[in-house]
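Colleague: Handing you a structure now.
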Amino acid sequence: MKRIFSGIKPTGHLTLGNYLGAMRRWVEIDQHRSDALFSVVDLHALTVEHDPARVRRLSRQAATLLLAAGLDPERCTLFVQSHVDEHARLSYILECTATDGELRRMIQYKEKSAQARGSGESVRLSLLTYPVLMAADILAYGTDEVPVGDDQAQHVELTRDLAVRFNQRYGHTFTVPRATHPPVAARVMDLQDPTSKMGKSHEAGAGIVYLLDDADVVRKKVLRAVTDSGRDVAYDRAARPGVTNLLEILAACADGDPMELAGSYSSYGALKKEVADAVVEVLRPVRERHARLAADPSYIDEVLRKGAERARGMARPTVDAAFSAIGLLPA
Ligand code: TYM
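Here the sequence shown is numbered in my numbering, starting from 73 and rising by one per residue.
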């Protein structure tokens, strides 16, 4: 059976981008066709300025939302990254495999470090080494496929490079994974700025639909989405980024084809109304189940405890093999 691994970092409230780009496929497809692990990757949330209490809250909320979205702990392994030491152990070994130059080339590092410097903050070293920890997350489990949105493609490429390099130098240890992306909505854009990604860590919330927004708020955000200067509804990412984003969201929610959908609307207003309805309907059950699950924190704790135990057992042999291959004396 294929091994699948993916993760989500608790740096903010989860968004429609996380849902359509990643979570929904984990729930509907991945957990049924593979031996799948999904992780709330909390160590990754420490790479930028953070409030400890907030990270703890968001980690629990992310785990609850993943269950609310439909991950079934009987079918997949759901756990919190920091509960499994193997990630940090392997990360160091991979730091001894990666180069400074290749990490400095990562787009997200360039963007986020520039942002931090711009606002007078120092750049944490972990922001630079973050993709190595991500590679460790993936390689520790002998992962074949990594279902992610478009923005993670470069990090998975690096993971592949590190696996191949390590295997060549020290003997075959790691499975070389590949990224998979959803056919539509692999990059959901901000509704107020359709040239930038809808991201949970962004400050302003008007262009971001959060999974826990109530229906009225979702509707308002979609109806106020920035559209383009043309009038006809056309699917064209470069010339019509706003409308194209709405068509992608609708296509993802309604399992349709964005180009075909473009032909069904004669005005932006009609399209927006349909998108608002579709998003509200997709999020409604998630929000309702979240409310029920959040009322029972001991259930969530138990799921995460069992998940971490299972994950530890799966990662240990590979990480031990990497320690041994690279020249460390067995304990
Ligand atoms: P994160 O937490 O930013 O996002 C989690 C998942 O959601 C996808 N995503 C989007 N998809 C479409 N449109 C968007 N606007 C959008 N925003 C986010 C992301 O592509 C991702 O699949 N580095 C990762 C977390 C991570 C990871 C891993 C993922 C750590 N270790 C190992 C896979 C495997 C991240 O920051 O995702």
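Glycine included, each C-beta is placed from N, C-alpha and C at the ideal position.
Can you grab the Cα-Cα spacing for the pair Glu174 / Leu138, in whole Å?
Modeller: In a straight line, the C-alpha of Glu174 is about 32 Å away from that of Leu138.
Colleague: Return the chain-ordered ranges of every alpha helix (DSSP H) run that is complete within the region 302-338 and spans a minimum of 4 residues.
Modeller: For the region 302-338, whole alpha helix (DSSP H) runs of length 4 or above, ordered along the chain, are 313-326 and 330-334.
Colleague: Cβ-heavy atom distance between Leu284 and the ligand NAD below 7 Å?
Modeller: What this structure holds is the ligand TYM, not the ligand NAD.
Colleague: In the DSSP assignment, find the unbroken alpha helix (DSSP H) run with Glu385 in it and report its ends.
Modeller: It should be pointed out that residue 385 corresponds to Gly in this sequence rather than to Glu. Counting along the chain, the alpha helix (DSSP H) containing Gly385 begins and ends at Pro369 to Ile398.
Colleague: Is the separation between the beta-carbon of Lys269 and that of Gly89 shorter than 8 Å?
Modeller: Contact flag set, yes.
Colleague: Distance check for Ala287 and Gly279, CA to CA, integer angstroms please.
Modeller: If you take the alpha carbons of Gly279 and Ala287, they lie about 15 Å apart.
Colleague: How long is the line joining the alpha carbons of Ala403 and Cys168, rounded to whole angstroms?
Modeller: Their backbone Cα atoms lie some 20 Å apart in a straight line.
Colleague: Leaving aside the five residues before and after Leu199 along the sequence, list all residues of the same chain whose C-beta is less than 7 Å from its C-beta, in chain order.
Modeller: The answer, listed in chain order, is Thr119, Val120, Tyr181, Lys184 and Ser185.
Colleague: Kindly provide the ranges of any beta strand (DSSP E) runs that are 3 or more residues long and lie completely inside the region 145-221, ordered along the chain.
Modeller: As far as the region 145-221 is concerned, its whole beta strand (DSSP E) runs of at least 3 residues are 149-152 and 217-219.
Colleague: Using the C-alpha atoms, what's the distance from Val281 back to Lys345?
Modeller: Spanning the two alpha carbons is a distance of roughly 15 Å.
Colleague: Sorted by chain position, which residues of the same chain lie with C-beta nearer than 8 Å to Tyr371's C-beta, five sequence neighbours on each side aside?
Modeller: The answer, listed in chain order, is Leu365.
Colleague: Tell whether a beta-carbon distance below 8 Å holds between Tyr213 and His116.
Modeller: No, the Cβ-Cβ distance between Tyr213 and His116 is not below 8 Å.
Colleague: Quick check: what's the CA-CA separation for Val351 versus Asp123?
Modeller: Straight-line Cα distance between these residues: approximately 31 Å.
Colleague: If you drop the 5 nearest sequence neighbours on each side, which residues of the same chain put their C-beta closer than 7 Å to that of Asp99?
Modeller: Reading off the sequence shown, one finds Val at residue 99, where the question assumed Asp. Excluding residues within five positions, the ones whose Cβ falls inside 7 Å are Ala141, Gly142 and Leu143.
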